[in-house]
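Encoded as structure tokens, the structure appears first; notes follow it.
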Amino acid sequence: MTFFDSLIILVFGLGLVFVVLIALCGVISLESKLLEAFKPKKPAEKKPVEEAEEVPEATCGELKLIGVEEKTAAMIMAIVSDESGIPLSELQFKSIKALD
Amino acid sequence: MTYSLGETIRKIWELSGFTALTWQELVMLLVSFVLIYLAIVKKFEPLLLLPIAFGMLLANLPMTDLLAPPSDGQAGGLLYYLYQGIELGIYPPLIFLGIGAMTDFGPLIARPSSLFLGAAAQFGIYIAFMAAIALGFTPEEAASIGIIGGADGPTAIWLTSKLANELLPAIAIAAYSYMALIPMIQPPLMRLLTTQKEREVKMEQLREVSKLEKIVFPIIVTVLCTFLLPSVAPLIGMLMLGNLLRESGVVDRLSKTAQNELINIVTIFLGITVGSKAVGEKFLQPKTLMIIGLGLTAFAFSTIGGLLLGKLMYWISGGKINPLIGSAGVSAVPMAARVSQVEGQKANPGNYLLMHAMGPNVAGVIGSAVAAGIFYALFGK
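As you go down the protein sequences, you meet chains W and Z in turn. Per numbering that gives the first Met the number 0, the very first residue in the first sequence carries number 0; after that it's consecutive. Per numbering that gives the first Met the number 0, the very first residue in the second sequence carries number 0; after that it's consecutive.
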């Protein structure tokens, strides 16, 4: 094989690699568009404002912290929630006091 | 019966391997020790380099007959039988099955133009092919040497075992060594061919790819690639089967087996048998040095090809594509993508190119398999 023949193989081979991968690129793009077009439409989500109106107003009362920083208190509440298996939103803490 | 201690020692000495050891085998044993050192201490692709090095060690121990074919009703050596997995082209596609099961093609599906970079990064394969022809290699040998530039070990082994079996150890060792050296080979070229401004480009987040797209992808790739180029069926077919096992979500056990136990077992067999072909008399030739040199050329030009197309895409996209992801088009998953990430962050600490580079990276796997298929179609028997 001459050097010129190898040059032809370079052009032909690299060209063919590009042709195959360009074809693949086209088919993947087409596939994505088709799947997107036939994707079942999700029902329109309720407006957050409406949801907010439906939720009854609730307060957790006031939490007294005695000798405890807010950060530590948040951690304690999270641990209690996790250990007891009760969601934090359903727990009510009245006070957290540091023991001597 | 007379007993002579001296005579007994002489007989034991004559029957031992020491008397049969040639200088070539001794050199290969030393090379195997160096490779074992590099695998264990330097951690250069140890998963493959360690079995390769040990295979080399075993094959160069004299009088073991591990590689002997069966003759006169006697069974052949252990490594002869294990080698049939390479000879018959079984191991590389099985490795591809595991790679497919481990690969997330999501980044490629999200940005299909990554495939162009995967194609451009095959440039080095053809440059090395031309250089090898100029140096007097046969077209079959030149094709096998060129495929080192694909930076894909199983593909290089698959093609070489079909076209130029005798070059297999040199090509496999060169391919895996350079893959391990990617963090050293690519960065200088990346910095040389890109400007600071280009390297700083932050790319937009990729869109989310649906599960259905991921399931359809391997089927489409298999059908399209095999129709266009039937010779790539063993590699692309198994790569995509592995990916379908992963993405279908209904054969978790098969997917896990493909990406763990199966690929590990095949890697051991592949490594030890490739190494076992590095027998002193055949390996210690000027050709081996030329292959190592040409392999580096192939790697460098593949990186350059990917970077240059990356620059073109940067220009066409109005500066939205960071050209550094182009160098990841040289397969070597995920090492090449990591190099793009590291270089991108050096230029701009807030730059996260990893997922963007994974697209060209996995496209490179497909690209190098296609390039191997083309060579096989041209020069295969």
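Quick reminder that beta carbons are idealized off the backbone N, C-alpha and C, glycines included.
Residue i, buried or exposed, once every other Cβ within 10 Å from all chains shown has been counted against 16
i: residue 259(Z); result: exposed
i: residue 33(Z); result: exposed
i: residue 93(Z); result: buried
i: residue 57(W); result: For residue 57(W), the predicted model reports a pLDDT of 46, less than 50, meaning its position is unreliable and no value from the coordinates is stated.
i: residue 82(Z); result: buried
i: residue 140(Z); result: buried
i: residue 157(Z); result: buried
i: residue 13(Z); result: exposed
i: residue 183(Z); result: exposed
i: residue 193(Z); result: buried
i: residue 226(Z); result: exposed
i: residue 74(W); result: exposed
i: residue 350(Z); result: buried
i: residue 121(Z); result: buried
i: residue 381(Z); result: A question about residue 381(Z) goes unanswered here, because the residues of chain Z that appear run from 0 up to 380.
i: residue 383(Z); result: With chain Z covering only 0 through 380, there is no way to say anything about residue 383(Z).
i: residue 222(Z); result: exposed
Residue-level contact to chain W via CB, residue i, 8 Å cutoff
i: residue 183(Z); result: no
i: residue 286(Z); result: no
i: residue 139(Z); result: no
i: residue 215(Z); result: yes
i: residue 365(Z); result: yes
i: residue 158(Z); result: no
i: residue 239(Z); result: no
i: residue 362(Z); result: yes
i: residue 306(Z); result: no
i: residue 149(Z); result: no
i: residue 246(Z); result: no
i: residue 348(Z); result: no
i: residue 370(Z); result: yes
i: residue 163(Z); result: no
i: residue 300(Z); result: no
i: residue 125(Z); result: yes
i: residue 207(Z); result: no
i: residue 112(Z); result: yes
i: residue 128(Z); result: yes
i: residue 166(Z); result: no
N- and C-terminal bounds of the beta strand (DSSP E) containing residue i
i: residue 276(Z); result: Careful: residue 276(Z) lies outside any beta strand (DSSP E) and carries neither H nor E.
i: residue 100(W); result: Shown here, chain W extends from 0 to 99; a query on residue 100(W) therefore has no answer.
i: residue 63(W); result: 63-65
CB contact below 8 Å: residue i versus chain Z
i: residue 7(W); result: no
i: residue 36(W); result: no
i: residue 55(W); result: Its pLDDT being 49, under 50, residue 55(W) is placed unreliably in this model, and the coordinates cannot settle the point.
i: residue 79(W); result: no
i: residue 30(W); result: yes
i: residue 100(W); result: Absent from the structure is residue 100(W), since the part of chain W shown begins at 0 and ends at 99.
i: residue 67(W); result: no
i: residue 85(W); result: no
Limits of the unbroken alpha helix (DSSP H) element including residue i
i: residue 4(W); result: 2-37
i: residue 105(Z); result: 105-109
i: residue 81(W); result: 69-83
i: residue 178(Z); result: 167-179
i: residue 143(Z); result: 138-145
i: residue 352(Z); result: Where residue 352(Z) is concerned, there is no enclosing alpha helix (DSSP H), given that its DSSP letter is neither H nor E.
i: residue 36(Z); result: 22-39
i: residue 344(Z); result: 334-346
i: residue 251(Z); result: 251-256
i: residue 395(Z); result: A query on residue 395(Z) cannot be resolved here, the shown segment of chain Z reaching from 0 to 380 and no further.
i: residue 247(Z); result: 232-247
Beta-carbon spacing of residue i, residue j below 8 Å
i: residue 130(Z); j: residue 293(Z); result: yes
i: residue 201(Z); j: residue 347(Z); result: yes
i: residue 31(Z); j: residue 312(Z); result: no
i: residue 358(Z); j: residue 106(Z); result: yes
i: residue 155(Z); j: residue 149(Z); result: yes
i: residue 47(Z); j: residue 266(Z); result: yes
i: residue 95(Z); j: residue 237(Z); result: yes
i: residue 341(Z); j: residue 361(Z); result: no
i: residue 119(Z); j: residue 308(Z); result: yes
i: residue 369(Z); j: residue 181(Z); result: no
i: residue 99(Z); j: residue 272(Z); result: no
i: residue 433(Z); j: residue 57(Z); result: Because chain Z in this structure spans residues 0 to 380, residue 433(Z) falls outside the shown range and cannot be described.
i: residue 306(Z); j: residue 285(Z); result: no
i: residue 62(W); j: residue 79(W); result: no
i: residue 5(W); j: residue 132(Z); result: yes
i: residue 282(Z); j: residue 169(Z); result: yes
Rounded Cβ spacing between residue i and residue j (contact assumed at less than 8 Å)
i: residue 117(Z); j: residue 363(Z); result: 4 Å
i: residue 174(Z); j: residue 147(Z); result: 5 Å
i: residue 97(Z); j: residue 268(Z); result: Residue 97(Z) to residue 268(Z), Cβ: 13 Å. No contact.
i: residue 388(Z); j: residue 300(Z); result: Only positions 0 to 380 of chain Z appear in this structure, which leaves residue 388(Z) out of reach.
i: residue 275(Z); j: residue 37(Z); result: That pair is no contact at about 18 Å.
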